[in-house]
């Protein structure tokens, strides 16, 4: 994996670059559509590519449980299995196991957990997390980390941070295939000094890229931004920085401002399936009766297939009638909104006007409450 | 509407032709994918067109109830509403009201029924059925008919047949827009002499095309074929003949043999959503464990997008995981199977070898029990 910095905004930490992978280049800052179970929900890979996505995300936890990473490896790896020829980042499963709550038990050796599908018991260690991801064959793998709920006592966060460092070291040691990049994850909750410690520990071990994990897990927005701002500058300039599981369009714009290069979030796809549509202006809840006779597209400025061909009235009808096509067309629009936003972000950075872009973007959206979209 | 007969097989009643409509030509024999609520479930219009569909079907009953035919008319008609530029045939709603069972009451003036959505009471007469279809703006409209369940006493079938003739006359009288073709429907249950009477009555009134209704509603296959064979030859040679709501691939092949030009059925699309996939060889129930590691496509001879790009193992995974994309990819395959079958049928007729084609097709499929696919 090669990371090339192409341009940096003179007024902030934002930068434009390229991540070269065995399956092609990723233009950064990048948003990665989530393909949890080996599919971006509702879309063909060609549709995802046409929306402007360079890279998608797969999930080791889900694919390990079903259909099984060995099966995918036997069938030629995840790229071939799901017919996505471009770069793939695989998450380690750490966040999913954290999300299982009472169904998991953490120990130094690894996590014992019960499958959300059938209740069967499984064990995931740093070594097996890497083994699964190597079998899947993604271009970028993530270390197994221990994520902590918000709020949490400082000692608990500190303990998990230390374990995350030991696990990161084990992940790096157990790695066999160097053609697959490996990223370390900085935890530390909402304690900026612990975040600093995490960044130092990860940098000391040395990875192909660095992620910030454990944000956007329930903490107030202000704390999220504070810890993002405290952590991002501590990560090596010459390596990609990835803010995991974040977030709203505003979060992306803020993250880039602080030097983040990569994002993933289910928000555009999940919101789409719930009929919540992103625009630069109003927030569109498509089932609302006000759109019943509305002949205009979701967003008259949007260049997506959905906005070019369908009225709000039609999309409302499909949604209310429970048609599958509603989810497909809504997902196309929301993903295009996110991916087009990344294009606008990259352009603003290249032109050295990113702080103004950010100010205007945040000001314009203050009134429209994107936060009302479901985050979980 | 113009119907041009291009070729007739010398050995049977099968013929190849073209139906010219204001929105383009339909190659016959044609299969019409069903777009009940203004969408072929799960697919974009471009996908439907790329599969080889010339014409799709919309449903007056469903679109009248939701979102309302007036709304669709105000937004430019059904073609524009759903972004399908090609020909559309709209069903009258007669079959749907028949299917409501205890929720409808038939009278000479029309049918009073309760909405399957909210229980509200509605009235559909021959005149309103035409009014709704004129508002939708389809290229071919269907008369309102009275369909009868199987089994039914001869007197009951006879009474419904007589009413269907009176309603057909009223439909023709009330029609305002002659750019939209109007088809009459021959009922008569499983009584060949009543079918003959129905055909004579419809022909006497005179329509742009003629449909055979009330078959494949539960009667044994033998009775269906007997009544099809008895009715089709009685319909005018120079007008399209449409066998409504039928059926299996075998039924289509038999229908064409007896001179049918048009078919519609939910079987390919509904089966797809249930994971039942059509091939010329085995019947594929995609959730079966035997496909877990199967790297081959659904059908190695199929030219569809799904078969060109995905393994049975992947499709099984998507289906078992409940991914929307499973329904999309399965629907693409099944519709392509049906539409490719129509291409093979038209080619066989043009080459004057349709009886042999039919014999071989039915022989090859005897063993694979397509009838196990859900028909309702």
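Chains as they are written, first to last, in my numbering: chain S, 7 to 382; chain G, 7 to 382. Ideal placement from N, C-alpha and C gives every residue a C-beta, glycine not left out.
(message) Cutting at 6 Å between CB atoms, please list the residues of its own chain near residue 139(G), excluding the five before and the five after it.
(response) 66, 96 and 147
(request) Determine whether the Cβ of residue 330(G) lies closer than 8 Å to any Cβ atom of chain S. (result) yes
(request) At 9 Å on the CB atoms, spell out the chain S contacts of residue 272(G), in chain order. (result) Residues of chain S passing the Cβ test: none, with the nearest at roughly 14 Å.
(request) Starting from the beta carbon of residue 72(S), find every residue of chain G whose beta carbon is closer than 9 Å, and list them in chain order. (result) 323, 326 and 327
(request) My understanding is that residue 205(S) touches residue 237(S), with C-beta atoms under 8 Å, so please give their C-beta distance in whole angstroms. (result) 6 Å
(message) With distance defined between alpha-carbon atoms, name the residue in 78(S), 370(S) and 35(S) nearest to residue 13(S).
(response) 35(S)
(message) Does any residue of chain S have a CB that is nearer than 8 Å to the CB of residue 333(G)?
(response) At least one CB of chain S lies nearer than 8 Å to the CB of residue 333(G).
(request) Kindly indicate the opening and closing residues of the beta strand (DSSP E) around residue 312(G). (result) Boundaries for residue 312(G): no beta strand (DSSP E) harbours it, while the alpha helix (DSSP H) harbouring it runs 311-315, taken from the DSSP string.
(request) Please decide whether residue 65(S) counts as near chain G, where near means a Cβ-Cβ distance under 8 Å. (result) no
(message) Going by beta-carbon coordinates alone, are residue 355(S) and residue 15(S) separated by less than 8 Å?
(response) yes
(request) State whether the region 246-255 of chain G contacts the region 270-278 of chain G, with contact taken as three or more CB pairs (one from each stretch) at a distance under 8 Å. (result) yes
(request) Scan the region 13-89 of chain S and note each continuous beta strand (DSSP E) run of 3 residues or more that stays entirely inside, going in chain order. (result) 21-27, 30-34, 36-38 and 62-65
(request) Give me the Cα-Cα distance between residue 82(S) and residue 359(G), rounded to the nearest whole angstrom. (result) 44 Å
(message) How far does the alpha helix (DSSP H) with residue 393(S) in it extend, from its first residue to its last?
(response) It is not possible to answer for residue 393(S), since the shown part of chain S is limited to 7 through 382.
(request) Just the chain G side, please: which residues come within less than 8 Å of residue 317(S) by C-beta, in chain order? (result) Neighbours of residue 317(S) on chain G, chain order: 81 and 87.
(message) I need the DSSP call for residue 8(S), collapsed to helix, strand or coil.
(response) In the three-state reduction of the DSSP assignment, residue 8(S) falls in the strand class, which pools E and B.
(request) Would you check if the region 119-136 of chain G and the region 73-90 of chain G touch, i.e. whether three or more CB-CB distances between them fall below 8 Å? (result) The region 73-90 of chain G is not in contact with the region 119-136 of chain G.
(message) Would residue 73(G) and residue 323(S) qualify as a contact pair, given that the criterion is a beta-carbon distance under 8 Å?
(response) Yes, the pair counts as a contact, with Cβ atoms nearer than the cut-off.
(request) Note the first and the last residue of the continuous alpha helix (DSSP H) segment covering residue 102(S). (result) Per DSSP, the unbroken alpha helix (DSSP H) holding residue 102(S) starts and ends at 100-105.
(request) Specify the secondary structure class of residue 270(S) as computed by DSSP and reduced to three states. (result) strand
(message) Let's see if you can read the secondary structure: which residues bound the beta strand (DSSP E) around residue 97(G)?
(response) 94-97
(request) Leaving out five residues on either side along the sequence, give the residues of the same chain with a beta carbon under 8 Å from the beta carbon of residue 306(S). (result) 313
(message) For residue 135(S) and residue 218(S), what's the separation of their Cα atoms in angstroms?
(response) 18 Å
(request) In the DSSP assignment, find the alpha helix (DSSP H) that holds residue 204(S) and state where it starts and stops. (result) Taken as a continuous stretch (DSSP letters only), the alpha helix (DSSP H) holding residue 204(S) covers 198-211.
(request) Leaving out five residues on either side along the sequence, give the residues of the same chain with a beta carbon under 8 Å from the beta carbon of residue 185(S). (result) Counting only Cβ-Cβ distances below 8 Å, and skipping sequence neighbours, we find 28.
(message) Using the Cβ count rule (16 or more neighbours within 10 Å means buried), how would you classify residue 59(G)?
(response) buried
(message) On the DSSP bridge list, what partners appear for residue 190(S)?
(response) 216(S)
(request) Go ahead and pull the three-state DSSP assignment for residue 117(G). (result) strand
(request) Check the DSSP bridge columns for residue 321(G) and list the partner residues they point to. (result) The partner list for residue 321(G) (beta bridge, DSSP) is empty, contrary to what the question assumes.
(request) Consider the Cβ of residue 299(G): report whether some Cβ of chain S lies at a distance smaller than 8 Å. (result) yes
(request) Have a look at residue 229(S) and residue 203(S) and give me their C-alpha separation to the nearest angstrom. (result) 18 Å
(request) Count the other CB atoms, across all protein chains shown, that sit within 10 Å of the CB of residue 263(S); report buried if there are 16 or more and exposed otherwise. (result) Buried, because 16 or more other Cβ atoms sit within 10 Å of the Cβ of residue 263(S).
(message) Would residue 117(G) pass as an interface residue toward chain S - the criterion being a Cβ-Cβ separation below 8 Å?
(response) Among the residues facing chain S, residue 117(G) is not included, as its CB has no counterpart in that chain under 8 Å away.
(message) By alpha-carbon positions, which one of 68(S), 182(S) and 187(S) ends up nearest to residue 9(S)?
(response) Looking from the CA of residue 9(S), the closest CA among 68(S), 182(S) and 187(S) belongs to 187(S).
(message) Does chain S have any CB closer than 8 Å to the CB of residue 293(G)?
(response) no
(request) Would you grab the beta carbon distance between residue 286(S) and residue 370(S) for me? Rounded to a whole angstrom, and I think it's under 8 Å. (result) 7 Å
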